[in-house]
Every structure is written in C-alpha cells, then in structure tokens.
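Chains as they are written, first to last, in the numbering used here: chain B, 66 to 542; chain R, 50 to 338. Ideal placement from N, C-alpha and C gives every residue a C-beta, glycine not left out. Here the structure is a predicted model, which is why all the values come from computation and not from measurement.
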Amino acid sequence: MFFNSLSFAIFLPIVFILYWFVFNKNKSTQNSILIIASYYFYSCWDWRFLFLLVFSTFLVYYTGIQIEKAKKESVRKFWFWLTITINLGLLGVFKYYNFFSTSFSDFMNGFGLQTSPILLNVLLPVGISFYTFHGLSYVIDIYLKRIKAEYNFVDYSLFVSYFPLLVAGPIERATHLLPQVKVKRDFDFQKAKEGVFQFIWGLVKKVVIADTCATYANAIFDNHESMNSLSLVLGAVYFAFQIYGDFSGYSDMALGMSKLFGIDLLRNFNYPYFSRDIAEFWRRWHISLSSWFRDYLYIPLGGSSGGMAMKIRNTFIIFLVSGFWHGANWTFIAWGFINALYFLPLLVLKTNRSNMEMVSLRWNLNSVRVFFNILSTFALTCLAWIFFRAKSIGDAFDYIKRMFSNLSFDAQYLENERYNYELLLIIFAFVAVEWNFKNQVEPISGKNSWLKLSFCLIAIVALGTFSDYKEFIYFQF
Amino acid sequence: MKKFIGFAAKVLILILLLLALLDVLYTVVYLQASNRGKIDYVYNSKPRIYDVVILGSSRANNHFVTQLFEEKGLKAFNYGMSGGHLFEASLLLKLMIERKYKIQNVIIETDLNLSNEKRAEGIASKFLPYIHSSRLIENHFSQEDDFSELFYIPFYRYLKFDSSIGFREMYKCLTFQPTNTLKNGGFYALKGNNGKMKNNLSALKPIQNKYYEEIKQICADNKINLIAVMTPMCSNTKGLDYFKKANKIYPEIHNYENVVDNDKYFSSCGHMNNEGAKLFTSRIIKDFF
Chain B
66 MFFNSLSFAI FLPIVFILYW FVFNKNKSTQ NSILIIASYY FYSCWDWRFL FLLVFSTFLV
126 YYTGIQIEKA KKESVRKFWF WLTITINLGL LGVFKYYNFF STSFSDFMNG FGLQTSPILL
186 NVLLPVGISF YTFHGLSYVI DIYLKRIKAE YNFVDYSLFV SYFPLLVAGP IERATHLLPQ
246 VKVKRDFDFQ KAKEGVFQFI WGLVKKVVIA DTCATYANAI FDNHESMNSL SLVLGAVYFA
306 FQIYGDFSGY SDMALGMSKL FGIDLLRNFN YPYFSRDIAE FWRRWHISLS SWFRDYLYIP
366 LGGSSGGMAM KIRNTFIIFL VSGFWHGANW TFIAWGFINA LYFLPLLVLK TNRSNMEMVS
426 LRWNLNSVRV FFNILSTFAL TCLAWIFFRA KSIGDAFDYI KRMFSNLSFD AQYLENERYN
486 YELLLIIFAF VAVEWNFKNQ VEPISGKNSW LKLSFCLIAI VALGTFSDYK EFIYFQF
Chain R
50 MKKFIGFAAK VLILILLLLA LLDVLYTVVY LQASNRGKID YVYNSKPRIY DVVILGSSRA
110 NNHFVTQLFE EKGLKAFNYG MSGGHLFEAS LLLKLMIERK YKIQNVIIET DLNLSNEKRA
170 EGIASKFLPY IHSSRLIENH FSQEDDFSEL FYIPFYRYLK FDSSIGFREM YKCLTFQPTN
230 TLKNGGFYAL KGNNGKMKNN LSALKPIQNK YYEEIKQICA DNKINLIAVM TPMCSNTKGL
290 DYFKKANKIY PEIHNYENVV DNDKYFSSCG HMNNEGAKLF TSRIIKDFF
C-alpha cells in the first residue's frame, strides 16, 4: 500500500476518522488505533514480515529496560551488545548476506579457487533498515544514559512502527517522537491544514516529478550504450530529480499525514539542490540519516576532535557505511566513497561549515559566484548519482566515459517514445517553484493558497504519471 | 475539527470540479482530432467508400500493403493496429458502420488474436475519450470490469491511461501534430531481419471468440464480404498446430500461415518485413480479387 495508491486514499481517511472520533478518549486509545493501523499497513506488503517487526520491537523494548535496570556495568554491556548484535544480525541476514557471499566467492575465484556462493532466497523486508535504525538509536541513547527506557510497550511500539515513517523514514529519535506519543493529542486545525498542503506537495513531487523523470532516466540508463552525450547528461539530471522527487516527496507525504494525527516528524529534506558545497548538500539531504550517522557513528569514532587524520578517516567511514546502508551493492559503496572524496577538500580547508544558512541571490558579482557554486555542486552530485543508479560500477564508468567522449549533443528519440530534452521545461518550472518558496516547508501555504492548491492538483492529475507506476525508491532500502 | 471538515470538504469539491473541468477540456480536444491515429480518424469522420478494409493487430498492420490493393484499382485502407485485439477491431468496424461507410470487403487477420477476448489496454484506451459521446463505445465497454470507474468518475480514464490519452497526447491533438500512422494507407512497413528469431505458441489456445463472432455478424448484416485470414510466422515457431486448432473452430478462416516460409522475409518471428508483406499481399490479391 503506497502513499500514492487508491487503497491508501481509502485507508488514511478511515484511520483519521477512527483516531479523532472513536479512539480519542486518551493517549492510550489514540496510540492503540495508530498501532493497529500501522501493523495493518505493514502487513499489506507481506504479513509474514510483521512477525519480524514485532520481534525487533519487543527485543529493543525489553533490552532497553534491562539496560536501565542493570546495576552492574557488565550486565548493561551484555544486554546492549545482545540487542545490537541481533538487530544488526537480522539486517545482515536479510539485506547483506547474499552480497557478502557473492563478494567472497568472487574474491576466491580471483585467486583461482573455484567457489560458488551459497545464496539465500529471501525477500528484503520492506523498511528493515529504517526500523532497525530507530531501535538502535533508542537503545544506544539508553545505554549512554541520554534517555530513560520506555516501559509502556504500546507507546514504544508506536515510536518504532508509526505507519507514516515505518517503511522509509524519516529516522526518528526517541527524544523527539516519544514525548509526543506520551501525551494525548488534541486536534489543531492549522497543523492539520499544513499537513494536507505538505501531503499534496509531496504527491506533486512523486507523481509529477519523480515518476515522470523515471521514465526518461530509465530509458537513458538502460540503453546508455546507444545514447549521445546530451542524453547521458540529461539522464543523470533526470535521475537526480527522480530520486529527489521520490524520496523528498515521500518524506513530505509522511510529515504531512503525521500532522493530521497531531504528531510532528523530523524534517528530512531542506532544498538540497540549492547547496553551495557538498557539506551543505549533506546537511540538507536525508537529514535524519545524516544526523543519525553523525551522532551514532562519527562522534563515537572520535568525530572531529582527534586531528585532521582522524577527521578524514571518520568522514570516509561514515560515507562508506552510509553508501552500504542504501544497498548491498558495490555501486552504493562507490557512491559513498565519491561523496567522501568531494567532502575531503572542504575538510582539509576547514570550510565544511561555511554555508550554514539558506542561500539567497542578489544582483551582484558575489551572487554569480554563489550561483556557480550551486551549479557545480549539483553537477558533482549528478556525477555521483550515476554510480547510485547504475547496475554495476563498470556500467557507471562506461556511462561517464561515453558522456565525455561521444560529444554529440543532438536531440535523441528515446525508448519511452519521447525526445531526450522534453522534460526540461517541467524541471525548470519545478526548480523555479522550489527556489521561490525555499524559506518555507512547502509552497502551497501562505497567500493565494487555494490558487496554488488548484495548480498543484491540476499538475497531479494532468501531468502525473499513473499508468507507468513506480514504487518509492527508498522502500527497497 | 468542524473547521477542518469544512476545509476537507472544500478540497474535495475543488478536486471534483477540477476533474470535471479537465475531463470536458480533454474530451473537447479529442473530439476535434482526426490525424493522430486510426481510431480518431474513424470516429471524427464522414462516410467513406472502400473496396477493402483491413482489420487486425500488427500482423495485419505490417502485412497488408495497401498500395498493392490500390494498384489493382481497389480503394483500400489498412486499419490494423499494432498491439490491438479483436475487441478493438470489432468496435472500430461498428464505428465505421455507424458512420455509414460503404465497404465491399473486410479482410480480418484472425490468428493469434483469437486466443483471448480481453481488450488491449493501449489501443482500447484510444476509444475512451468518446465514451460519453458515443452509445456504441459505451455499450462495447459496458461488460468490462472497470466500466463504472471509467464511465462515472470524471477524468479517471485520462489518469489511468495517461501514457496513451494523457496530457502529452491531448497537447499533440490540440496543436494538430500528425503521426505517420495514417500514411501509406495505414500500412506500416517493417525493415530488415534480426537474424535469430523464434516464437512459441504452445501456451496459446484459440477460443470461440465473441468479438470475431460480432465482426461476422456485422458483415453479414451489412452485406460485406468477410475474408478472415491467418498470416505467416517464421520457421522457428513452436506450437504451429495452433493454426490447425483455430481452423477446427472456424473452418472459414483461410490459413496463410505457411505461404511465406523463408525467414529472410521476416523482421521478427511474428512480423514480416516489407518484402515479405509484398509477397503475402500479392498472394491475397491473387486469391481473392
């Protein structure tokens, strides 16, 4: 059940009505209906994985309490490492086992030792990376005595399984979400209205931008051997907007619908393609994951405190792990590595925190430089996305090689029966809207909101892609 | 909450109004179109006179060379539609009759398409802009599972089939951009020969097809000579007894599956190239005209 599906359009209003009109007595009834809805939502993918979700939830809930209760440090450590090992073990088996098995076999074959990998024929449980990271942050925070363990199982379950964030984030923190589920939510019209607007804007990003870009990006990436330079450049740009529209659109829908239930989720995107350097990009892209890695990996590894060599080492570690988190493929690791390389000069020159506030342009020479920085950061990002999208590292290098060696910039007719340049107008329009409203969460709120809402609805129904339906990319992670 | 219910109701009304408005807009545009494809070419047409009308799927569209009929002095048009099934062929013929076309002969390709009565989404959707303005189209779709949604929910059909009748197609109709579908009397020639070709028809089973029955009935009612033919497949085809099975159900269908047997005349296993199509059409003309 996807957020942009007809079944979800029926599911959401039913949950909304039950939540505010039937189960509105206290926070326990409110949380209970949200948990039931969340488990139903999750079971719509594959009910068998519901047991895995419940098991993971119960494990972290129970060990969290044991860590808090333990008097001895050794007992605390035991429960801590037990839950970390089991959670990462489950993630490893379902997501990474086949990758390690195949890589090991390839490695041995490289030395002339013929081995064939033993592969598991299992599906990847949807959202496993997200709910595992929810649980890990919670248990780490308890272990480090930053928070108290949650003794109410329903409240804790809701923190992990809340359906708007269950399958693709944002990756919430206990310090942010748990206090909200511990109190009864009262209906706030303004918040709910903002939620509706944010949900609709997310839908625009998904069906108008992401799914439309996907048809072009797929036609170009899947046939890159026969594409000219212009098509290859546009293919990378289209994929950049596909993944942005897809994931930030999903996040907007999640945040928007959550506001309907009176719960605020962490902001996940903040106009990343207007970044002036790659450090700023990573402060604006998938913010909940970047900050998770910062708080639970980069800082525990020593962060920036141990001199330049340690900073560089730690930076490479978090980018490589971040790449690997996205998927069990060398292409994702290469994508992480490239981003670490981009980060390196900023780190060495200590300019990685020089662009903290939202960009603005004026009619002066400095703005020309800023504009150039935005374009070059976007170009670097697109180059890295090629590795993220390609089927193999070899394909990615071949794609880039052809991009710079073909040097033909003619209009090319693609497999999707469209010309390569046809989507540019819609991309420019989208960028213009985002630029104009970059200081607010979504562009619909504010003056003339009904007019803007009408335009968005027209865009969704008239320009959206519905027949060539695409799943959300981040569901596979 | 009251305020929110009011707000949600307004949003819903806005959505419904926009859907209705867009539905009218798109439909009006499609009602003006007549150079985009074979369906609008027929739907928005005046009476025409033909000696030969060709119907069927791509195996009609790519196999019957209209020009050869014309050279023989026969006014012909190839209305075969790539990807189409008999569902669409039958409806197209009904529309022609409704528009008072005078037709002497209908050649219908009836072979692989006999195996199902489903509509071909990509082609059938091209009729949908006219579903409210044509009782014929409405009736033809009325037995379909999603008829209610397609007929009663404004703009739903344009959403569901956005790749064939969505914004892009509507815009091209609005700006009168022609396609090459109607060139060469509707015949589309395939080029070349891709070498390794094979096909397996073992899974297909011919059935008593209600749309073929409809076509037979329409022709009988309107005194049109119906010529049903099966067209050639490449040599590396498994399950060729399909054609014999089809003939058992419908003995009147002329089996021309093996009249072109050299693979150099095929572009792909189920589709002859231009040279193959010329050979095949010449044989049909020799036998029937």
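| When the distance is taken between beta carbons, is residue 302 of chain R closer than 8 Å to residue 154 of chain R? | Your numbering for residue 154 of chain R matches position 105 in the second sequence. Your numbering for residue 302 of chain R matches position 253 in the second sequence. Against a cut-off of 8 Å, the Cβ pair of residue 302 of chain R and residue 154 of chain R comes out as no contact.
| request: State the Cα-Cα distance for the pair residue 95 of chain R and residue 104 of chain R, rounded to the nearest angstrom. | output: To locate residue 95 of chain R, count along the second sequence from 1; it is residue 46. To locate residue 104 of chain R, count along the second sequence from 1; it is residue 55. Taking C-alpha positions only, residue 95 of chain R is separated from residue 104 of chain R by approximately 19 Å.
| field | Residue from B:375, B:243, B:150, B:322 whose Cα sits closest to the Cα of residue 74 of chain B | value | Position 9 of the first sequence, counted from the start, is the residue given in the question as residue 74 of chain B. Closest option to residue 74 of chain B, Cα to Cα, is B:322.
| field | Collapsed DSSP secondary structure at residue 303 of chain R in the structure displayed | value | The count along the second sequence starts at 1 and reaches residue 303 of chain R at position 254. Three-state DSSP puts residue 303 of chain R in a strand.
| Pairwise C-alpha distance: residue 217 of chain B and residue 519 of chain B | Counting from one through the first sequence, the residue named residue 519 of chain B turns up at place 454. Counting from one through the first sequence, the residue named residue 217 of chain B turns up at place 152. So the alpha carbons of these two residues sit roughly 44 Å apart.
| query | Sorted by chain position, which residues of the same chain lie with C-beta nearer than 8 Å to residue 451 of chain B's C-beta, five sequence neighbours on each side aside? | reply | As a working note, residue 451 of chain B is residue 386 in the first sequence. Contacts found: 301, 304, 461, 464, 465.
| Under three-state DSSP, which class holds residue 277 of chain R? | Sequence index remark: in the second sequence, residue 277 of chain R carries index 228 (1-based). In this structure, residue 277 of chain R counts as strand in the three-state DSSP scheme.
| field | alpha helix (DSSP H) segments (min. 4 residues) lying fully within the segment 251-282 of chain B | value | Listed in chain order, they are 254-268.
| query | For residue 233 of chain B versus residue 195 of chain B, is the C-beta distance shorter than 8 Å? | reply | For this step, residue 233 of chain B is matched to residue 168 along the first sequence. For this step, residue 195 of chain B is matched to residue 130 along the first sequence. It is a contact, given that the beta carbons lie within the stated cut-off.
| Which two residues bound the contiguous beta strand (DSSP E) that contains residue 100 of chain R? | Counting from 1 along the second sequence, the entry for residue 100 of chain R is found at position 51. Annotation: the continuous beta strand (DSSP E) that includes residue 100 of chain R extends over 98-104.
| task | Let me know the alpha helix (DSSP H) ranges lying completely inside the segment 159-236 of chain R, each 4 residues or longer, listed in chain order. | result | The segment 159-236 of chain R contains these whole alpha helix (DSSP H) runs: 170-173, 184-190, 196-201, 205-209, 211-214, 216-223.
| Pair within 8 Å by beta-carbon distance, residue 294 of chain B and residue 441 of chain B | In the first sequence, counting from the first residue as 1, residue 294 of chain B sits at position 229. In the first sequence, counting from the first residue as 1, residue 441 of chain B sits at position 376. Not in contact: residue 294 of chain B and residue 441 of chain B (Cβ atoms no closer than 8 Å).
| query | Are the C-beta of residue 195 of chain R and some C-beta of chain B separated by less than 8 Å? | reply | In the second sequence, counting from the first residue as 1, residue 195 of chain R sits at position 146. Under the Cβ distance rule, residue 195 of chain R does not count among the residues neighbouring chain B, no pair being separated by less than 8 Å.
| field | Alpha-carbon to alpha-carbon, residue 158 of chain R and residue 278 of chain R | value | As a working mapping, residue 278 of chain R is identified with position 229 in the second sequence. As a working mapping, residue 158 of chain R is identified with position 109 in the second sequence. Within the model, the alpha-carbon separation for residue 278 of chain R versus residue 158 of chain R is close to 5 Å.
| query | Which of helix, strand or coil does DSSP assign to residue 293 of chain R? | reply | Taking the second sequence and counting its residues from 1, one reaches residue 293 of chain R at position 244. It is helical.
| query | How big is the Cα-Cα spacing for residue 249 of chain R and residue 288 of chain R? | reply | One-based indexing of the second sequence puts residue 249 of chain R at position 200. One-based indexing of the second sequence puts residue 288 of chain R at position 239. One C-alpha to the other measures close to 6 Å.
| request: Can you grab the Cα-Cα spacing for the pair residue 191 of chain R / residue 81 of chain R, in whole Å? | output: Counting from one through the second sequence, the residue named residue 191 of chain R turns up at place 142. Counting from one through the second sequence, the residue named residue 81 of chain R turns up at place 32. A straight line joining the alpha-carbon of residue 191 of chain R with that of residue 81 of chain R spans about 25 Å.
| message | Tell me which residue opens and which closes the beta strand (DSSP E) that residue 317 of chain R is part of. | response | Your numbering for residue 317 of chain R matches position 268 in the second sequence. It spans 315-317 - the beta strand (DSSP E) in which residue 317 of chain R sits, taken as one unbroken run.
| task | Output the boundary residues of the alpha helix (DSSP H) element that contains residue 138 of chain R. | result | For the purposes of this step, residue 138 of chain R is taken as the residue at position 89 of the second sequence. That run of the alpha helix (DSSP H) goes 135-147.
| query | What residues in its chain sit with their C-beta under 6 Å from that of residue 238 of chain R, if we drop five residues either side in the sequence? | reply | Stepping through the second sequence from its first residue, residue 238 of chain R is reached at position 189. Closer than 6 Å at Cβ, skipping near neighbours: 323.
| query | Is residue 415 of chain B helix, strand or coil by DSSP? | reply | Position 350 of the first sequence, counted from the first residue, corresponds to residue 415 of chain B. Three-state result, residue 415 of chain B: coil.
| field | Cβ of residue 172 of chain R within 8 Å of any chain B Cβ | value | Looking up residue 172 of chain R in the second sequence gives position 123. Contact of residue 172 of chain R with chain B is not assigned, every C-beta pair being separated by 8 Å or more.
| CA-to-CA distance, residue 515 of chain B to residue 340 of chain R, given in whole angstroms | Any question about residue 340 of chain R goes unanswered here, given that chain R covers just 50 to 338.
| field | 7 Å CB neighbourhood of residue 165 of chain R in its chain, flanking five on each side removed | value | As a position in the second sequence, residue 165 of chain R is number 116, starting the count at 1. Taken in chain order, the residues that qualify are 134.
| beta strand (DSSP E) segments (min. 3 residues) lying fully within the segment 174-247 of chain B | Whole beta strand (DSSP E) segments, 3+ residues: zero.
| field | Interface residues of the segment 196-207 of chain R facing chain B [CB-CB below 9 Å] | value | Against chain B - using a Cβ distance shorter than 9 Å - the residues of the segment 196-207 of chain R are 204, 207.
| message | My output table needs one value for residue 289 of chain B: the three-state DSSP class, helix, strand or coil. | response | Along the first sequence, read from residue 1 onward, the residue named residue 289 of chain B stands at position 224. Secondary structure of residue 289 of chain B (DSSP, three-state): helix.
| task | Identify which residue in B:506, B:287, B:375, B:364 has its Cα closest to the Cα of residue 209 of chain B. | result | Working through the first sequence from its first residue, we reach residue 209 of chain B at position 144. Nearest C-alpha to residue 209 of chain B: B:364.
| said: Can you tell me where the alpha helix (DSSP H) holding residue 461 of chain B begins and where it ends? | reply: In the first sequence, residue 461 of chain B corresponds to position 396, counting from 1. Start and end: 458-470.
| task | Quick one: list the residues of chain R neighbouring residue 523 of chain B, beta-carbon separation under 8 Å, in chain order. | result | Residue 523 of chain B sits at position 458 when you count from the first residue of the first sequence. Near residue 523 of chain B (Cβ distances below 8 Å), the residues of chain R are 67, 71.
| request: Would you grab the beta carbon distance between residue 408 of chain B and residue 344 of chain B for me? Rounded to a whole angstrom, and I think it's under 8 Å. | output: Here the question's residue 408 of chain B lines up with position 343 in the first sequence. Here the question's residue 344 of chain B lines up with position 279 in the first sequence. At roughly 6 Å, the Cβ-Cβ gap stays under 8 Å, so residue 408 of chain B and residue 344 of chain B are in contact.
| Whose Cβ in chain B lies nearer than 9 Å to the Cβ of residue 64 of chain R? | The sequence position of residue 64 of chain R within the second sequence is 15, counting from 1. Neighbours of residue 64 of chain R on chain B, chain order: 522, 526.
| said: Closer than 8 Å between beta carbons: that is the criterion. Which residues of the segment 240-261 of chain R meet it against chain B? | reply: Residues of the segment 240-261 of chain R that bring their beta carbon within less than 8 Å of a beta carbon in chain B are absent altogether.
| task | With a cut-off of 8 Å on the beta carbons, I'd call residue 106 of chain R and residue 132 of chain R a contact; round off their distance for me. | result | Here residue 106 of chain R refers to the residue found at position 57 of the second sequence. Here residue 132 of chain R refers to the residue found at position 83 of the second sequence. Right, the Cβ-Cβ distance comes to about 7 Å (below 8 Å), so this counts as a contact.
| query | By a C-beta neighbour count over all protein chains shown, 10 Å radius and 16 as the cutoff for buried, is residue 243 of chain R buried or exposed? | reply | By 1-based counting over the second sequence, the position of residue 243 of chain R is 194. A residue is called buried when at least 16 other Cβ atoms come within 10 angstroms of its Cβ; residue 243 of chain R does not meet this threshold and is exposed.
| On the premise that residue 530 of chain B lies in contact with residue 277 of chain B, defined as a C-beta separation below 8 Å, what is that separation, rounded to the nearest angstrom? | By 1-based counting over the first sequence, the position of residue 277 of chain B is 212. By 1-based counting over the first sequence, the position of residue 530 of chain B is 465. About 5 Å; that satisfies the 8 Å criterion.
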